[in-house]
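A quick write-up on the structure given underneath.
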């Protein structure tokens, strides 16, 4: 999915996707058989049946897809169009990373009501920030004074969209299901990033002939729409939660 576009989407890609679907179906069937005979399956499929888990994990996967798509598209715009060095491009993105780190370390200090709202507010805040970055970039150039605040705010919003929801998911599962949830969140994050690069960078590259600034603004618009969907998934997850314990007060 990441390199298919560069390779011209060769014919063998599509049967490979089909094989992946068949392999997933086979894995689910095998795990059910193992559980039915009383053995310990590699992954406890019952975790996905718990209220709020599927929607919550979907939100985490999609927010990581948006992050990866934004990061790579931004890198292509900065280094490919504006001619920035990798070091300079990295310094620019450091504002986003700093916001993410700061929010990850401090969100646990919020009150219970606020923490419950963060998974929904975070994606909407992130969408606003990325849209603003895209609109400024569309004018041409990269005014650091204008770009740094929304990048900082976007990184913080990313942390608020991910960390509180991931922590809240831990309250839904039993102690013996904690490892299954951890594996599920990790796999969803990685798969989400791969899909995000394939989809959102694909949008950017498709629009590059009309200009990199235009392509980057279009990509951030698509990211904004996706992040609204993230907020919806987080809302569904929050609405369906039946906590078994106090949320983990851990950072990202």
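Numbering (my numbering), first residue to last: 7 to 258.
Where is the CB? At the ideal position from N, CA and C, for every residue including glycine.
For residue i, name the three-state secondary structure that DSSP assigns.
i: residue 151; result: helix
i: residue 145; result: coil
i: residue 6; result: There is simply no residue 6 to check, as the chain begins at 7 and stops at 258 in what is shown.
i: residue 15; result: coil
i: residue 74; result: helix
i: residue 105; result: helix
i: residue 132; result: helix
i: residue 185; result: helix
i: residue 223; result: helix
i: residue 289; result: Residue 289 lies beyond the residue range present for the chain, which begins at 7 and ends at 258; the question has no answer from this structure.
i: residue 56; result: coil
i: residue 33; result: helix
i: residue 192; result: helix
i: residue 180; result: coil
i: residue 257; result: Legend: pLDDT at residue 257 = 49, less than 50; position of this residue unreliable, value from coordinates given subsequently. If DSSP states are grouped into helix, strand and coil, residue 257 belongs with coil.
i: residue 93; result: helix
i: residue 159; result: helix
i: residue 23; result: helix
i: residue 168; result: helix
i: residue 140; result: helix
i: residue 119; result: helix
i: residue 10; result: coil
i: residue 217; result: coil
i: residue 28; result: helix
i: residue 245; result: helix
i: residue 84; result: helix
Can you tell me which of the options puts its alpha carbon nearest to the alpha carbon of residue i?
i: residue 144; options: 105, 176, 84 and 61; result: 84
i: residue 195; options: 110, 169 and 183; result: 169
i: residue 64; options: 109, 197 and 120; result: 197
i: residue 176; options: 53, 157 and 73; result: 53
i: residue 34; options: 21, 48 and 44; result: 48
i: residue 129; options: 67, 17 and 87; result: 67
i: residue 245; options: 29, 44, 39 and 56; result: 56
i: residue 224; options: 235, 240, 203 and 207; result: 207
i: residue 160; options: 115, 192, 193 and 229; result: 229
i: residue 96; options: 89, 110, 76 and 81; result: 81
i: residue 214; options: 10, 74, 79 and 135; result: 79
i: residue 108; options: 23, 86 and 166; result: 166
i: residue 190; options: 110, 172 and 101; result: 172
i: residue 75; options: 234, 240, 174 and 226; result: 226
i: residue 105; options: 116, 119 and 135; result: 135
i: residue 237; options: 14, 28, 10 and 62; result: 62
i: residue 259; options: 117, 13, 234 and 23; result: The requested residue 259 does not occur in the structure, where the chain is confined to residues 7 to 258.
i: residue 199; options: 222, 70 and 138; result: 70
Along the chain, where does the alpha helix (DSSP H) containing residue i start, and where does it finish?
i: residue 48; result: First-last for residue 48: undefined, no H or E at that position.
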